[in-house]
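Undergrad: Following full-length UniProt numbering, the numbering of the sequence shown begins with 1 at its first residue and continues without gaps.
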Amino acid sequence: MTRTYQSATDAPARSLNDTGPGFATRAIHHGYDPSGFSNAVQPPVFLTSTYGFESVAANEAAAALGGRLYAREYNPTTEILEQRLANLEGAEAGLVVASGMAAFGTLILSLLSQGDELIVHKTLYANTLAMVEQAVPRFGIKVVAVDLSDPQNLEAAITERTRLVFFETPVNPLSRILDIAAIAERAHARGVKVAVDSTFASPALQRPLEHGADIVLHSLTKYINGHGDALGGAILGDAQTLRTLHETGLRYITGAALSPMSAFLILRGLKTLTLRMERHSATALAVAQALEAHPAVAFVSHPFLDSHPDQVTARKQMSNGSGMLAFGLRAGYEGARRMMDRLNLITRAVSLGDADSLIYHPASLTRARQPIRKDAHLADGVGEDLMRLSVGLEDADDLITDLRRALDAL
Ligand SMILES: *Cc1c(COP(=O)(O)O)cnc(C)c1O
């Protein structure tokens, strides 16, 4: 596997010295050689749970090598996806699993042990937050939540027992931006590894390893698949760590294998990632600017808006702003509920990164969950008025019209 790669949207797309293919080309072709598969232009889907061997000795040889014995740890379709994603992130190796949560679970349960400490940014995707608050401490792993918007805060938080620093950027749901290079530099100075959940950006816009991170996580369910029809997760990084995640994490700790059918769908979605991220970013910025100009709107957050507090860091580590934005209304919690019910085009739904625009109101969902989960609460920094909008691939004018109509009626 090659470590050479170019960025998706840097201009010029490749320097004169670069001979390898560009990002968009690799998103379509890397890791698949049709000549090995009847020249099928699209990769085949191997729906098999196990693999036969010519002899007992061949079976033993495969087992000794870590094995292509069984579909939990090996499948040709998912392997193409792993190689392609690793290449796009500039990683030595990759592992794909059943969902983004499976990726986080596999990472934590494989690399950390009782007595270890995990540092996380104080604001996280709701279920990652639930895992580090409710589950991880039950296994004797101490979780320390830190405000990494000031990377200096790491200094006091790191101890001899710290094994990993984990954060998202852009951060769900407000799309605040954390400085990957500044955090990685401080963590590495103390011998601690850094893992970044880059789901909100995708490798087309941001490649954390280029900024010093050690491991990248993705929910493939979101932009990388991009069509809202499959769940998946990925972990990308150095070959040695990935071998551990594969050989222990996936094989027997979580067993959270990705379906080969989902791997096929995600490979298909990935082919248009470059184009989609350009359009998601452009449309989201237009929608964000339109919202900012509306008198009913109290705030708008999108990483490439001039008003965004982390705009400089965003432009340093992302080639575009992505399709996620957050906003709140002067009419607060009740206003958000009223406005959302008036939308006709934008779908009220959780999830993100689909061709369809999706909007959700974390505070309403959190209140609705409290009877069944008493500890449900909003992440630090998330207000009761906040709505998260995943801007899809519809015409920008249609989305703006839908939002304006709902806002004007407030
Ligand atoms: C959705 C999401 C996850 C979890 O991924 P699933 O595929 O839904 O399990 C983790 N992190 C972020 C930032 C997400 O948006």
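Ideal placement from N, C-alpha and C gives every residue a C-beta, glycine not left out.
Going by beta-carbon coordinates alone, are residue 381 and residue 124 separated by less than 8 Å?
TA: It is not a contact, given that the beta carbons lie outside the stated cut-off.
Undergrad: Taking DSSP as the reference, what is the three-state secondary structure of residue 197?
TA: In this structure, residue 197 counts as strand in the three-state DSSP scheme.
Undergrad: Measure the alpha-carbon distance for residue 392 versus residue 61 and round it to whole angstroms.
TA: One C-alpha to the other measures close to 49 Å.
Undergrad: Tell me the start and end of each unbroken beta strand (DSSP E) in the segment 157 to 206 that is at least 3 residues and wholly inside, in chain order.
TA: Those beta strand (DSSP E) runs which fall completely within the segment 157 to 206 and span 3+ residues are 162 to 168 and 193 to 197.
Undergrad: With DSSP as the reference, please indicate the residues paired to residue 70 in a beta bridge.
TA: 50.
Undergrad: Taking all protein chains shown into account, do 16 or more other C-beta atoms lie within 10 angstroms of the C-beta of residue 344, making it buried, or fewer, making it exposed?
TA: Residue 344 comes out exposed.
Undergrad: Within 10 Å of its beta-carbon, does residue 152 have 16 or more other beta-carbons around it, so buried, or fewer, so exposed?
TA: Residue 152 comes out exposed.
Undergrad: Output needed for residue 120: all residues of its chain with C-beta closer than 7 Å, excluding positions within five of it in sequence on either side, in chain order.
TA: Result list for residue 120: 132, 143, 145, 166 and 167, in chain order.
Undergrad: Using three-state DSSP, classify residue 132 as helix, strand or coil.
TA: It is helical.
Undergrad: Considering residue 316, what are the terminal residues of the alpha helix (DSSP H) in which it resides?
TA: Residue 316 -> alpha helix (DSSP H) spans 311 to 317.
Undergrad: So residue 419 is in the beta strand (DSSP E); what residue range does that whole segment cover?
TA: A query on residue 419 cannot be resolved here, the shown segment of the chain reaching from 1 to 410 and no further.
Undergrad: Assign residue 363 to one of three DSSP states: helix, strand, or coil.
TA: If DSSP states are grouped into helix, strand and coil, residue 363 belongs with the helices.
Undergrad: Pairing CB atoms from the segment 259 to 268 with CB atoms from the segment 81 to 90, are three or more of them under 8 Å?
TA: Touching, per the Cβ criterion.
Undergrad: If you measure from each residue's Cβ to the nearest non-hydrogen atom of ligand 1, which ones come out under 7 Å, in chain order?
TA: Working through the chain, the matches are 99, 100, 101, 102, 104, 125, 127, 128, 168, 172, 197, 199, 200, 219, 220, 221, 222, 231, 232, 233, 351 and 352.
Undergrad: Going by alpha carbons, who is nearest to residue 160 out of 118, 180 and 182?
TA: Among 118, 180 and 182, the Cα nearest to that of residue 160 is on 118.
Undergrad: Would you mind reading off the limits of the alpha helix (DSSP H) that contains residue 284?
TA: Taken as a continuous stretch (DSSP letters only), the alpha helix (DSSP H) holding residue 284 covers 273 to 292.
Undergrad: Would DSSP call residue 23 helix, strand or coil?
TA: Residue 23: helix per DSSP, three-state reduction.
Undergrad: Starting from residue 299, trace the alpha helix (DSSP H) in both directions and tell me its first and last residue.
TA: Premise fails: residue 299 lies in the beta strand (DSSP E), 297 to 301, not in any alpha helix (DSSP H).
Undergrad: Is DSSP giving residue 145 helix, strand or coil here?
TA: Residue state, collapsed to three classes: strand.
Undergrad: Looking at the C-beta of residue 131, does it have a partner C-beta in chain D at a distance below 8 Å?
TA: Absent from the structure: chain D. Only one protein chain is present.
Undergrad: What's the call for residue 249, buried or exposed, on a 16-neighbour Cβ count within 10 Å?
TA: Residue 249 should be labelled buried.
Undergrad: So the candidates are 386, 29, 207 and 114; which of them puts its Cα closest to the Cα of residue 198?
TA: Ranking the options by Cα distance to residue 198, first place goes to 207.
Undergrad: Is residue 98 closer than 8 Å to residue 232 when the C-beta atoms are compared?
TA: It is a contact, given that the beta carbons lie within the stated cut-off.
Undergrad: Any idea which residues DSSP pairs residue 217 with across the strands?
TA: Answer is 197 and 235.
Undergrad: Is it a yes or a no for the segment 333 to 349 touching the segment 280 to 293, going by three-plus beta-carbon pairs under 8 Å?
TA: Flag = no, the segment 333 to 349 and the segment 280 to 293 do not touch.
Undergrad: Determine contact between the segment 350 to 367 and the segment 294 to 304, defined as no fewer than three beta-carbon pairs at a distance below 8 Å.
TA: The segment 350 to 367 is not in contact with the segment 294 to 304.
Undergrad: So, is residue 108 buried or exposed, given that buried needs 16 or more other C-beta atoms within 10 angstroms?
TA: Label assigned to residue 108: buried.
Undergrad: Per DSSP, what kind of secondary structure is residue 224 in: helix, strand or coil?
TA: Residue 224 falls in the coil class under three-state DSSP.
Undergrad: Near residue 89, which residues of its chain fall below 7 Å by C-beta distance, leaving aside the five closest residues on each side in sequence?
TA: 203, 207, 209, 216 and 236, listed in sequence order.
Undergrad: List the DSSP bridge partners of residue 97.
TA: Paired residue(s): 233.
Undergrad: How far does the beta strand (DSSP E) with residue 117 in it reach, from first residue to last?
TA: Where residue 117 is concerned, the enclosing beta strand (DSSP E) stretches over 117 to 121.
Undergrad: Hey, would you say residue 177 sits closer than 8 Å to residue 196, going by beta carbons?
TA: No, the pair does not count as a contact, with Cβ atoms beyond the cut-off.
Undergrad: So what does DSSP say about residue 264, is it helix, strand or coil?
TA: Of the three classes helix, strand and coil, the one that applies to residue 264 here is helix, per DSSP.
Undergrad: Under 7 Å Cβ to Cβ from residue 398, same chain only, skipping five residues before and after it: list those, please.
TA: Here the set comprises 345.
Undergrad: Just verifying my parser: in three-state terms, what is the DSSP assignment at residue 328?
TA: DSSP places residue 328 in strand when its eight states are reduced to three.
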